[in-house]
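A short worksheet on the structure shown next.
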Amino acid sequence: MNKKELVKAISNEINLNQKDVEKCIDKLAEIIITKNSIGEFVDISNLGKFMIVKKNARTVRNPRTGQTLQMSEHYSPKFQPKSIYKQTIKSAIIQKETEVKTNV
Numbered sequence: 287m288n289k290k291e292l293v294k295a296i297s298n299e300i301n302l303n304q305k306d307v308e309k310c311i312d313k314l315a316e317i318i319i320t321k322n323s324i325g326e327f328v329d330i331s332n333l334g335k336f337m338i339v340k341k342n343a344r345t346v347r348n349p350r351t352g353q354t355l356q357m358s359e360h361y362s363p364k365f366q367p368k369s370i371y372k373q374t375i376k377s378a379i380i381q382k383e384t385e386v387k388t389n390v
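Under our numbering, the first residue of the sequence shown carries the number 287, and numbering increases by one thereafter.
Below, the structure is given as structure tokens:
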């Protein structure tokens, strides 16, 4: 699902103008990026937590050439899903796999 499809789905679900929904999604992304860029996290109940994690300096190896390189310390975005989100996805995948096996 891309942004356009998401906007349309939300608009249909809650009876809002698509332009207003798109503005909300854009503002949500902007707020998450802004808060993460100053070291704060954004926690959305029943979905997960958007945060920045510090990655320590380490030695890495290029698998193509075998050359070792020193990677410097850096920060990376991370999404930590809530348990309800993980359980819902897990049960949906198990159900889908069961349906596929019974249809074969």
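Every residue, glycine too, gets a C-beta built ideally from N, C-alpha and C.
Grab the span of the alpha helix (DSSP H) containing residue i for me, first residue to last.
i: Ile-311; result: 304 to 323
i: Leu-292; result: 289 to 300
With 16 as the cutoff for other CB atoms within 10 Å, does residue i come out buried or exposed?
i: Val-339; result: exposed
i: Val-293; result: buried
i: Val-346; result: exposed
Cα separation between residue i and residue j?
i: Lys-376; j: Lys-335; result: 19 Å
i: Arg-350; j: Ile-296; result: 44 Å
i: Asn-288; j: Met-337; result: 22 Å
i: Thr-374; j: Asp-329; result: 18 Å
i: Lys-309; j: Glu-299; result: 16 Å
i: Glu-291; j: Ser-358; result: 39 Å
i: Phe-365; j: Tyr-371; result: 12 Å
Please find out if some non-hydrogen atom of the ligand PLP comes closer than 6 Å to the beta-carbon of residue i.
i: Arg-350; result: The ligand PLP is not part of the structure shown, which contains no ligands of any sort.
Q: Scan the stretch 342 to 370 and note each continuous alpha helix (DSSP H) run of 4 residues or more that stays entirely inside, going in chain order.
A: Restricted to the stretch 342 to 370, not a single alpha helix (DSSP H) segment is unbroken, complete and at least 4 residues in length.
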